[in-house]
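K.L.:
Can you keep this structure in mind? I'll have questions shortly.
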Amino acid sequence: MTNPPEIPTLLVDTPDAGLALAIKLSRLPVKATQPDPDVRARLRKIYEEDASALIAVSQVVATNFATIASANNYWKENPQ
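All the letters of the sequence shown, read from the start, carry residue numbers 21 to 100 under the working numbering.
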């Protein structure tokens, strides 16, 4: 397994930036555990049409987004 890149901060300016970061955070473990891009591409063909797998991905992104939103005080201090 390769080491994932460091995430310098969870602090972002907007909820949209928070969602983008949540997606990035959700992808990093996959890349770290399967560093071969050809294998990832081959596996993507399997799960991209699997509703259960897609729901699981959504749950991981939602969990990461909730963590980021909390770290950013739900953007209440600077509503956009």
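Ideal placement from N, C-alpha and C gives every residue a C-beta, glycine not left out.
1) Excluding the 5 residues preceding and the 5 following residue 54 in the sequence, name in chain order all residues of the same chain whose CB lies nearer than 8 Å to its CB.
2) Taking C-beta to C-beta, are residue 88 and residue 30 nearer than 8 Å?
3) Is the Cβ-Cβ distance between residue 43 and residue 81 less than 8 Å?
4) Can you tell which of 35, 39, 45 has the C-alpha that lies nearest to the C-alpha of residue 25?
5) Starting from residue 36 and walking both ways along the alpha helix (DSSP H), at which residues does that stretch end?
6) Going by beta-carbon coordinates alone, are residue 93 and residue 38 separated by less than 8 Å?
7) Can residue 52 and residue 84 be called in contact, C-beta distance under 8 Å?
P.N.:
A quick look at the data gives this:
1) 60, 63
2) yes
3) yes
4) 45
5) 35–53
6) no
7) no
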